[in-house]
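What follows is a set of notes on a single structure, which appears directly below.
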Amino acid sequence: MAGHGSRCLQGASVIIFYFILLSGTLFFCGPLFFYGLYRCFHFSWPLGFAYIAWWYLVDLETPNRGGRRAEFVRNNVFFRYMRDYFPVTLLKTTDLDSSKNYIFGYHPHGMFPDGLALSFGSEALQFSKIFPGIVPYIGAHSSSIPCFVTKRRHVTTQRRKALLLPRVIACLTVSLSLDDNQEIHAMINHSINFSMIYYLNLLIDSLCVVVMSRSPIFREIAMALGVINVHRDSCKFVLTQQGPGHSVAIAIGGTCDILNMNRDSYVITLERRKGFVQLALETGAHLVPVFAFGQNNVISRQLKLNGLLTAYHIGRSKWEKWIKVFLKSCSVLPYAQYCVMPYSTPITVVVGSPISVERVENPSKEQINKLHSEYAQKLRELFYEHRDVCGVPQGTELVIQ
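Structural data, given as structure tokens:
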């Protein structure tokens, strides 16, 4: 009974965690949230008004200035139950010098980077004991606006026609972010076109975005875990103004990793992701590749053909085929255990050895490309060195695109 009760607590912790993210998305607008609060509790409007005023007038820039970490939140037993649900383990390959600053590149992103949240956003895996003196932050994109902006530098005339309908759909509500190279986050891979299905992935990828910077109450939870805005100025502040040991962890692949997500498959987006490399050169922060084995197995793109869901899957397959033909896109609808729970599958987060970086105030393109190639090579070595011991099927290759 004790084991069964513990398992229930583990499952409940995962449900609550995902519910918090979903709730943050639903209440992305502060006034909307407090209007609902007012409808339930009429006496609470002065408190809500005071909070919104403090938020917008005083505290709006806090996610850009190191956030507001709270160790009692990071040490909460809630995250230990969530850790045991999968379970998630953190593996160190070498010690990290606490007098240096680091940028941790997390791969792959997964539908939601659970390994990243538990490893760097909590003490469930005892990060501070494994890497003493290192203070981790999680960089999340901060833009979540009801508009649609795109640069069509790579889009041909024929493909613009194919983009018309999904563009109209996406105009209604879409969350987009500019990366460090001032390109649309979702358009990093120019072969990707927007579609209604792709927007669902954007929505999932932006959950932590909305919770962090647009949702009342929930942004406080995110900042307590060490979440900050991932844009250049915010990361520079942490890496250069907070002192030695302060570091930023970033899921490099983002939404494009979701598009390539399959169980026991590792196709990651890195070729054109160079903003974090430029940031490392400008700040002198060392680069550390991090690979999460099993991350893609938590939520699967593929639906098993069984029970009453068979007919739905057949219909969805036909729809997906139509979309692939006309929109050159792909369906990434998330499927998980019991349709709502992520799979209870092990995730092993392996932290590689750091790449030393000398600070360059204005790095050249050649310097950025050289360091980027070195990082990609270190990531490959990390994958193949730990592939067998982390339960990856033999013959599985790492594809970097």
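Quick note: the sequence shown uses this note's numbering, first residue 3, plus one each step.
For each residue, glycine too, the CB sits at the ideal point set by N, CA and C.
Taking 8 Å as the cut-off, the beta carbon of V279 is found no closer than this to the beta carbon of V401. Shortest Cα-Cα distance from L118 to any of Q369, G286 and A251 involves A251.
Within the region 77 to 136, the complete alpha helix (DSSP H) segments of 4 residues or longer fall at 79 to 87, 116 to 122 and 129 to 132, listed in chain order. With respect to H111, G245 sits apart: the two C-beta atoms are not nearer than 8 Å. Per DSSP, Y377 has no beta bridge partner at all. Following the DSSP letters along the chain, one finds L281 inside the alpha helix (DSSP H) bounded by residues G277 to T285.
Secondary structure of N262 (DSSP, three-state): coil. The Cβ atoms of A142 and V232 lie closer than 8 Å to each other.
Between the beta-carbon of V394 and that of G354 there is about 16 Å, and that puts the pair past the 8 Å contact cut. Taking C-beta atoms under 8 Å as the contact rule, G247 and F122 fail to qualify, at a distance of about 13 Å. Counting of Cβ neighbours within 10 angstroms places G296 among the buried residues, the total reaching 16 or more. Rounded to whole angstroms, the gap between the alpha carbons of E368 and D61 is 39 Å. Secondary structure note for V240: its alpha helix (DSSP H) is the uninterrupted segment R234 to Q243. Taking the CA atoms as reference points, T350 sits about 36 Å from E363.
Assignment of P65 by DSSP, reduced to helix, strand and coil, places it in the helix class. DSSP, read as helix, strand or coil, puts I219 in coil. DSSP places Y345 outside any beta strand (DSSP E), giving it a letter other than H or E.
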